[in-house]
Amino acid sequence: MIGRLNHVAIAVPDLARATARYRDQLGARVGEPQALPEHGVTVVFVDTGNSKVELLEPLGEASPITAFLEKNPAGGMHHICFEVDDIEASARRLVETGARILGDGTPRIGAHGNPVLFLHPKDFDGTLIELEEVPA
11 MIGRLNHVAI AVPDLARATA RYRDQLGARV GEPQALPEHG VTVVFVDTGN SKVELLEPLG
71 EASPITAFLE KNPAGGMHHI CFEVDDIEAS ARRLVETGAR ILGDGTPRIG AHGNPVLFLH
131 PKDFDGTLIE LEEVPA
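Quick note: the sequence shown uses our numbering, first residue 11, plus one each step.
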């Protein structure tokens, strides 16, 4: 069901500082900050050639990243994202096998303009997993 690793997301307390570290110290190609109000985050994607690192900063007080950073003030890995061919079929299969989809279970449009879902970390060994439908 899952395909390629799309990205690893890291929650950061200061997006500009984190972006500069990846660009200046690691020599990475970094994108421009992208505000995603419907997800409560501002993101920057770091291109690693075969995948991406997504740097996340809270956007607004209701951001789901805020609570994560309260527990982890220096930041840290927030989730991993896998590509799927058909997010609706993937969601049905996951629910049938006992996995929990966060929110109301309806895919939302993510940072790449594709439908995404998040799976409960308690169902996947403590790791928050995002699924992103990527056209073949």
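Every residue, glycine too, gets a C-beta built ideally from N, C-alpha and C.
Quiz prompt | Proximal residues to Met11 (C-beta, below 7 Å), its chain only, five neighbours per side dropped | solution = If you number the sequence shown from 1, residue 11 lands on position 1. Only Val94, Ser100, Arg103 meet the Cβ criterion.
Exercise. With Pro68 as the anchor, note down where its beta strand (DSSP E) starts and where it stops.
Key: On the sequence shown, residue 68 is found 58 positions in, with the first residue counted as 1. Run containing Pro68: 62-68, per the beta strand (DSSP E) assignment.
Quiz item: Cβ of Ile75 within 8 Å of Cβ of Thr137?
Solution: Stepping through the sequence shown from its first residue, residue 75 is reached at position 65. Stepping through the sequence shown from its first residue, residue 137 is reached at position 127. Contact: no.
Self-check item: Minimum Cβ-Cβ distance from Ala121 to chain D less than 8 Å
Solution: Protein chains in the displayed structure number just one, and chain D is not present.
Practice problem: Throw me the rounded Cβ distance for the Arg110 and Asp133 pair, which I believe falls under 8 Å. | Solution: Looking up residue 110 in the sequence shown gives position 100. Looking up residue 133 in the sequence shown gives position 123. At roughly 6 Å, the Cβ-Cβ gap stays under 8 Å, so Arg110 and Asp133 are in contact.
Quiz item: Going by the CB atoms, is the gap between Ala26 and His88 shorter than 8 Å?
Solution: As a working note, residue 88 is residue 78 in the sequence shown. As a working note, residue 26 is residue 16 in the sequence shown. Not a contact, by the Cβ cut-off of 8 Å.
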